[in-house]
Amino acid sequence: MSPVRLTLPDGSVREVPSGTTGRELAESIGPGLAKAALAIRVDGQIRDLSRPIEADAKVAILTEKDPDALEVLRHSSAHILATAVRELFPGAGIGFGPPIEDGFYYDFDVPRPFTPEDLERIERQMGEVAKRDYPFVREVVDRTEANRRFADDPLKLERIAELGPDETITVYTDGPFQDLCRGPHVPGTGRLKHFKLLHAAGAYWRGDEKRQMLQRIYGTAWFKKEDLDAYLHRLEEARKRDHRVLGKQLDLFSISEVVGPGLVLWHPRGAMIKWLLSRAVEDDNVASGYDLVYTPNVTREELFFISGHLPLYAANQYPPMAAGAGESEDTRYRVKPMNCPMHCLIYRSQQRSYRDLPIRLSEVANVYRNEKSGTLHGLLRVRGLCMDDAHIFCTMEQVEDEIFLCLDQVDRLVRRTFGFELDFEISTRPEQRLGSDEVWDRAEAMLTRALERKGIPFRIAAGGGAFYGAKIDIEFKDAIGRFWQGPTIQLDFNLPERFELEYTGADNRPHRPVMIHRAIYGTLERFTGNLIEHFAGAFPVWLAPEQVRVIPISDAQAEAARGVARRLKTAGLRVHVDDRTETLNYRIREGEMQKIPYMAVIGQREAESDTLALRVRGTGKKQEVMPVDAFVNLVAAQVQARALAP
Ligand SMILES: [Zn+2]
Ligand SMILES: [Zn+2]
C-alpha cells in the first residue's frame with residue numbers, strides 16, 4: 006500500500022501505510038499515548054481510533070486533556086446508558102442520545118416515567134456495562150441492512166427514512182446494544198468511570214408537541230473524580246439558588262395556572278426589585294440623552310406586515326384578535342411581540358434632518374411572545390416579558406459613537422452596579438443578508454472600533470449576525486460561574502428600509518438612517534431571575550425589597566422602634582417593624598430566612614440611648630450597637646451608591 010503523510014501537532018511528519026488506524030498510529034508513537042488515546046482528530050474531524058486513515062492529513066491523538074475528548078466520552082456515555090436501560094427494560098424504544106453541555110441524555114419510549122429508584126438501578130447497570138469494557142464497533146451499512154437492524158425500533162426507522170440517498174449510514178455496537186449513530190466514540194465502554202445520572206423528564210419526540218412523549222434521562226460524565234465532584238457541587242449550589250424556589254420563599258412572584266404559563270404575577274417584593282431595575286435604567290437613559298416614549302400593547306397586525314415580522318414569524322406571535330368596535334370586520338389586532346416597529350413610526354412622525362440625529366427612543370415595555378409551553382422556565386423563559394428596550398436612529402457615521410455610548414451604559418448598569426464579569430462577542434455577516442459588502446465592512450469595523458476604544462477584549466462569531474445587521478452580544482458570569490445572556494446591541498439596515506425612514510442630509514437630499522436596537526438588562530424577568538440566583542436571594546441593600554427590619558425586644562420598646570422606623574422612612578428607606586409577640590429569636594430567625602440586609606434590635610438600653618443593636622445579614626450572631634443617626638446615614642449612603650453591601 007502506498008504511504009500517507011501524517012502531520013502531528015508538533016509539526017513532525019510520519020509516513021505510514023495507507024489504511025493505518027488511529028490506534029496503530031498512537032502505538033507507533035508510544036505505549037503511553039496508545040493507552041491514553043480516546044479518539045483522533047483528522048483534518049479537524051474527530052474519528053474513532055479504529056478507523057483507517059487513507060490520505061495525507063493533519064492528525065492529533067485525543068486524550069483526556071483535550072476538551073473535545075470529553076464530548077466523545079459523553080456521547081459514548083449516552084450509548085452506555087441506553088445499553089443499561091435495554092438490559093433492565095428490554096421493551097424500551099430508543100430515540101436520540103447526544104452529548105450536551107456538561108453531560109448527555111438519552112430519550113426512551115417507555116410505558117411509564119422512570120422513578121428515582123429506576124435511575125439508581127440504571128446507574129448501577131451502567132457501571133456493569135462499563136466493567137465489561139465492550140469495544141465500540143463502527144459499521145457502515147446500506148439502507149436495507151439499517152432497516153433490518155432497527156426493525157423493532159420505529160423511531161430509528163423514521164430517522165433512517167429521512168437520510169438522503171448519498172448519506173453514509175453507520176451503526177455503532179457496544180456488546181448487546183446497537184444504535185444508528187454518526188459517532189465518534191471512545192474505544193470501549195471501560196473508559197466510562199466517573200459519571201452520575203441526574204434526573205429524568207418527559208420530552209416530546211423531536212421536540213414536537215404533537216408527537217409522543219418520551220422519557221429523557223440526563224446524566225453527566227467526567228474523566229476525573231474531582232471534576233465530577235466539583236460539577237455535582239455546582240449543581241447543588243444552583244439547586245439551592247433556584248429562583249423559582251427562592252421566589253416563593255421570599256414572596257417575590259408567582260405564576261398562576263389561571264393566568265397561564267409564562268405570565269408572571271409580580272408580588273410586592275418582586276415588583277419592588279423590578280421597579281428599581283427599571284428606574285435605574287430609565288434614569289440612566291434620560292441622563293444619557295435618550296427620550297422616553299410609550300407605545301400600546303396591541304396593534305393592528307398590518308404593522309407587522311410592514312415590518313416583515315408577519316407572516317415570517319407568525320408562530321412566535323399570539324394569534325390575532327377580532328376588530329375593535331366600529332371597525333371593518335376583517336381588521337385584526339395582535340398583542341405586540343416587540344416595540345421596534347412602533348418606535349419607527351414615532352421616528353417617521355416628523356421630517357427629520359441630519360441635525361436631529363441621533364434620535365434615541367427608549368421604553369421599558371411589556372411584549373408577548375408565544376413561546377412553546379415546554380420551553381418555559383420560571384422567570385428565565387416567559388411569554389409576557391418586560392424589556393428595557395431602546396432604538397437609536399443615526400447616520401452611518403454616528404454608529405461607532407452610539408455603540409460606544411451603549412457600551413458605557415452596559416459598563417455602568419451591569420459591570421459596575423453588580424460586579425459582573427462580562428464576555429463580549431461580535432456576530433458578523435451571515436451568508437443570507439441585506440445590504441452591500443461595503444456597508445457591512447463599515448458596520449463591522451465600527452462595532453470593532455467601539456469595543457477597541459473601550460479596551461474591551463471580544464470574540465468574533467463569524468457569520469453569526471442577523472440578515473439585517475451585525476451585533477454585539479454580551480454575557481455576564483454569575484456567582485457560581487455560569488454565563489447568562491445579557492445586553493445586546495444590534496444594528497439594523499432592514500426596518501429603516503421597510504418603514505421608509507428618512508432624514509435630510511447636509512446635501513439637502515433624503516438619506517436612510519441606521520437603526521440600533523439595544524437592551525441593557527434584556528428582559529426584567531430574566532435579569533431578575535438571574536439576580537435572584539446570583540445573590541441567592543440576598544440582594545444588595547439598594548435592591549432589597551425590605552432594607553431594614555426594626556425589632557423591639559418587648560412591648561415596652563415598641564414605640565421607640567416605630568420612632569426609629571419613621572426616621573429611616575424619612576431618609577427614603579424601606580422599613581418594617583416586627584413588634585409581634587413572638588420571641589426575639591423567632592423574629593430574628595424569620596428575618597434571616599427572608600434575607601433582610603439589616604435587623605435593628607431595640608432593647609431598653611438602646612431605647613434610652615437613641616441607639617440600636619445592629620445585626621448585619623451574613624455575619625451570624627454578631628451585634629453592633631450604634632447611634633440611630635449614624636445607621637440612617639450609613640444605609641442611605643449605601644443605597645445612594647448602589648453599593649453591593651452588605
Ligand atoms: Zn450516538
Ligand atoms: Zn428592537
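As numbered in my numbering, residues 6 to 651 make up the sequence shown, in order.
Heads up, the beta-carbon is just placed ideally off N, CA and C, and yes, glycines get one too.
For residue i, which three-state DSSP category applies?
i              : result
alanine 311    : Note that residue 311 is isoleucine in the sequence shown here, rather than alanine. The answer is helix: DSSP assigns isoleucine 311 an H, G or I state.
threonine 371  : One point to set straight first is that residue 371 is asparagine, not threonine, in the sequence displayed. If DSSP states are grouped into helix, strand and coil, asparagine 371 belongs with the strands.
threonine 588  : coil
tyrosine 352   : helix
lysine 476     : strand
histidine 248  : helix
tyrosine 338   : strand
methionine 347 : helix
lysine 482     : strand
arginine 644   : Reading off the sequence, residue 644 comes out as valine, not arginine. Valine 644: helix per DSSP, three-state reduction.
isoleucine 558 : coil
Which residue from the options puts its Cα closest to that of residue i?
i              : options                        : result
arginine 360   : Lys377, Arg337, Glu402         : Glu402
leucine 203    : Arg126, Ala541, Glu133         : Arg126
isoleucine 465 : Thr453, Lys70, Ala471          : Thr453
alanine 87     : Ile66, Gln130, Lys377, Arg357  : Gln130
alanine 395    : Leu384, Glu405, Cys411         : Cys411
arginine 438   : Leu233, Arg337, Gly469, Gly35  : Gly469
proline 14     : Arg52, Thr26, Pro342, Asp48    : Asp48
valine 621     : Ala605, Asp615, Leu282, Ile222 : Ala605
arginine 434   : Glu443, Gly474, Glu407         : Gly474
alanine 135    : Met392, Ser432, Ala89          : Ala89
threonine 68   : Asp61, Gly16, Val77            : Val77
isoleucine 556 : Tyr295, Leu162, Asp584, Arg579 : Asp584
arginine 365   : Gln356, Val291, Asn321, Asp158 : Val291
valine 142     : Gly180, Ile431, Leu308         : Gly180
serine 222     : Ile85, Leu427, Leu251          : In the sequence on display, residue 222 carries isoleucine and not serine. Of the candidates Ile85, Leu427, Leu251, the one whose C-alpha sits nearest the C-alpha of isoleucine 222 is Ile85.
So is the beta-carbon of residue i under 7 Å away from any non-hydrogen atom of ligand 2?
i              : result
histidine 84   : no
asparagine 499 : no
methionine 343 : yes
histidine 522  : yes
Taking 7 Å as the cut-off, is the C-beta of residue i nearer than that to any heavy atom in ligand 1?
i             : result
cysteine 186  : yes
tyrosine 177  : yes
glycine 224   : no
glycine 424   : no
histidine 581 : no
glycine 294   : no
glycine 102   : yes
histidine 396 : no
histidine 80  : yes
Looking at the unbroken beta strand (DSSP E) that takes in residue i, where does it start and where does it end?
i              : result
tryptophan 210 : Looking at the DSSP string, tryptophan 210 is not in any beta strand (DSSP E), and its letter there is neither H nor E.
methionine 392 : 389-399
proline 581    : Contrary to the premise, residue 581 reads as histidine rather than proline in this sequence. That run of the beta strand (DSSP E) goes 580-582.
glutamate 20   : 18-22
serine 293     : Looking at the DSSP string, serine 293 is not in any beta strand (DSSP E), and its letter there is neither H nor E.
proline 492    : 488-497
tryptophan 271 : 269-271
Keeping to the same chain, check which residues put their C-beta closer than 7 Å to that of residue i; ignore five residues upstream and five downstream.
i             : result
glutamate 299 : First, the residue type needs correcting, since residue 299 is tyrosine and not glutamate in the sequence shown. Correct list, in chain order: Glu368.
lysine 230    : His199
glutamine 414 : Asp289, Ser293, Ile525
serine 82     : Phe109, Leu197, Phe200, Gly224, Ala226
valine 264    : Leu270
valine 115    : Phe94, Ala97, Gln220
alanine 667   : Since the first residue shown for the chain is 6 and the last is 651, residue 667 is missing from the structure and cannot be characterised.
arginine 447  : Met401
Which stretch, first to last residue, makes up the alpha helix (DSSP H) that contains residue i?
i              : result
methionine 520 : Where methionine 520 is concerned, there is no enclosing alpha helix (DSSP H), although the beta strand (DSSP E) it sits in stretches over 519-528.
isoleucine 165 : 159-167
isoleucine 601 : Segment: none, isoleucine 601 is in no alpha helix (DSSP H) and carries neither H nor E.
isoleucine 85  : 72-93
Kindly list the residues whose CB is nearer than 8 Å to the CB of residue i, restricted to its own chain and excluding five residues on each side of it in sequence; keep chain order.
i             : result
glutamate 611 : Gln562, Ala565, Leu617, Ala618, Val630
arginine 274  : Leu255, Asp256, Leu257, Pro550, Glu551
valine 21     : Pro8, Val9, Leu11, Glu29, Leu30, Ser33, Ile58
threonine 173 : Val145
proline 168   : Looking at the sequence itself, residue 168 is leucine, so the reference to proline does not match. For leucine 168, where only same-chain residues beyond five positions count, the Cβ hits under 8 Å are Arg148, Ile174.
Can you list, in chain order, the residues of its chain whose CB lies under 6 Å from that of residue i, leaving out five sequence neighbours each side?
i              : result
methionine 277 : Pro550
glutamate 242  : Ile485
proline 192    : Leu54
glycine 207    : Met218
Compute every distance between the C-beta of residue i and the non-hydrogen atoms of ligand 4, then say whether any falls below 7 Å.
i           : result
alanine 328 : In the structure on display, ligand 4 does not appear, and the ligands it does have are ligand 1 and ligand 2.
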